[in-house]
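What follows is a short report on a single structure.
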Amino acid sequence: MPELPDVQVFREYLDATALHKEVRSVSVSRERDILEGVSRSRLTDELVGASLLETRRHGKYMFARLSPGGWLVLHFGMTGYLEFAEDKDAPEHWRLVLRFGENERLAYVCQRLLGRVSYTDDPADFVEAQGLGPDALSDELDRERFDEDVAGRRGMAKSTLMNQAVIAGIGNIYSDEVLFHARVHPERKLRDLDDGERSKLYREMRRVLRKAIECRAQPDRMPRSWITPCRGKEGECSACGEELKTLKVNGRTAYICPNRQKK
DNA sequence: TTCCATGTTCCGCA
DNA sequence: TTGCGGAACATGGA
C-alpha cells in the first residue's frame, strides 16, 4: 500500500484526527525492528507532553512536527498504516501508540516490520541523509529537472521510477500505473525515449499520483481505465481490450498492456 | 510446503 | 559510476 499517494492519505488522516492534542503516554513494541536512529527512551521523552503541530511528506516518508521542536518520522514499509480510535486497546501488529486525553490513541501499525520510526531535528536533513531524490509531486521536480535527473538515466524505465534516490515516492504499483498511461514498456531505457515520450511520462506521473490521492489511494475508487485495480486478477486493457500481462522487472512483478506498451 | 506480496539495503558483478 | 540480480529482513495468505 504505502507509496506516495497512500502516505499522503495517511498524512491527511493524521491531520484530521490527531493534531494539537497532548500526548499523555507512548508505547513502543518490537523496537529493535522498528526504531531507527532513536532509542525507545529518547523517543518517549520527546513525545510525552508534546503535541503534533503539522505534518509533511517527502516521497514515502511522513514527518510530524512536535510542539517542543523536532519531528517524528514514519515510514510504512509494505504493510504499515495509521489508525486513530477511541479505544484503550491497540490494534494487532501495533508498533507505536500515542495516547491522548480521554481514551483517544493513534496507532502506527506495521505487520511485516518493514516500516521504520525515527526522530529528526529537521526533515530536510533527514531527506538528505537518506539520499532521497526530489519528491515526485514537488515543484522542485519540474520538467527540466525531470529531464536532467530522471530521463537521462541508463536504467530501465520501471527501475528508475522506483529508485528513491532519483525520485522519491513511486513504488511497484504506481510505476506500473504511470507507465501504462504513458504507454512506455517497463523495460524501455529512459534514455531512449524521445522528447514527446518523456514529456508524456512526466505529465502522466504527476496526473496519476494526484488522481490516486483523490481516490484515497484505494483501488476500488480508481477509474475503470486504470490498471491498479486489475492486479492479481485476470484483466483486459480498458483502452484496447488486450489481455493484461505480467513480467518480472528487477525482481518485481510488473503489469502491462502488451499491445500499448512495446519495447 | 512453496511461492508471493505495495518496502529498503547490501553485496558481488558487469 | 551506474545499474542489475539476488538475498535478506519478517509475516501471513493463497
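Letter by letter, the first sequence follows residues 9 to 271 of this note's numbering. In this text, a Cβ means the ideal position worked out from N, Cα and C, and glycines have one as well. Remember, predicted model here, so these are calculated numbers, not experimental data.
In the structure shown, what three-state DSSP assignment does residue i receive?
i      : result
Arg214 : helix
Leu51  : helix
Thr87  : coil
Lys1   : The structure shown does not extend to residue 1, since the chain is modelled only from 9 through 271, so no value can be given for it.
Val8   : A question about residue 8 goes unanswered here, because the residues of the chain that appear run from 9 up to 271.
Arg32  : coil
Ala115 : strand
Phe108 : coil
Met70  : strand
Ala272 : Here the chain has residues from 9 to 271 only, and residue 272 is not among them.
Lys271 : coil
Ser126 : strand
Val17  : helix
Lys208 : helix
Leu22  : helix
Ala144 : coil
Val272 : Look at the range of the chain in this structure, 9 to 271, and you will see that residue 272 is not part of it.
Arg151 : helix
Ala137 : helix
Could you tell me the distance, in whole angstroms, from the CA atom of residue i to the CA atom of residue j?
i      : j      : result
Lys96  : Phe18  : 21 angstroms
Arg224 : Asp14  : 7 angstroms
Ile264 : Pro99  : 36 angstroms
Arg153 : Ser146 : 11 angstroms
Leu187 : Ser37  : 39 angstroms
Met230 : Leu90  : 21 angstroms
Leu12  : Gly123 : 14 angstroms
Pro227 : Arg218 : 14 angstroms
Tyr21  : Glu148 : 25 angstroms
Arg48  : Glu54  : 10 angstroms
Asp203 : Ala159 : 9 angstroms
Can you give the beta carbon distance from residue i to residue j, rounded, assuming they're within the 8 angstroms contact cut?
i      : j      : result
Arg268 : Cys238 : With a Cβ gap of about 14 angstroms, Arg268 and Cys238 do not count as contacting.
Tyr127 : Val46  : 4 angstroms
Asp157 : Gly139 : With 8 angstroms as the limit, Asp157 and Gly139 do not qualify as a contact, their Cβ atoms being about 13 angstroms apart.
Ala220 : Pro194 : Not confirmed; about 18 angstroms, so no contact.
On a Cα-Cα basis, can you pick out the residue from the options that is closest to residue i?
i      : options                        : result
Gly109 : Val36, Ala26, Arg153, His189   : Ala26
Ala144 : Cys118, Arg211, Val117, Leu80  : Arg211
His189 : Leu209, Thr87, Asp228, Ala24   : Leu209
Glu185 : Leu60, Ala115, Arg232          : Arg232
Glu205 : Ser49, Asp155, Leu55           : Asp155
Leu169 : Ala115, Cys248, Val192, Gly77  : Val192
Asp130 : Trp79, Arg214, Gly249, Glu250  : Trp79
Ser59  : Arg32, Asp203, Val36, Arg161   : Arg32
Leu198 : Val174, Arg218, Arg214         : Val174
Ala176 : Gly243, Val56, Arg65, Thr87    : Arg65
Val125 : Arg113, Glu222, Ser35          : Ser35
Gly77  : Leu61, Leu90, Lys253           : Leu61
Cys118 : Arg218, Gly139, Gly88          : Gly88
Leu24  : Ala165, Ala93, Gln172          : According to the sequence as given, residue 24 is Ala; it is not Leu. Answer by Cα proximity: Ala93.
Arg161 : Lys241, Thr128, Leu201, Glu148 : Leu201
Closer than 8 angstroms is the cut-off here; do at least three beta carbon pairs connect the segment 28 to 48 with the segment 100 to 113? yes
Say whether the segment 251 to 262 touches the segment 167 to 183, bearing in mind that this needs 3 or more beta-carbon pairs closer than 8 angstroms, one atom from each stretch. yes
Tell me, please, whether the segment 132 to 142 touches the segment 66 to 73 by the rule of three or more beta-carbon pairs shorter than 8 angstroms. yes
Is the number of C-beta pairs between the segment 59 to 69 and the segment 78 to 92 that are closer than 8 angstroms three or more? yes
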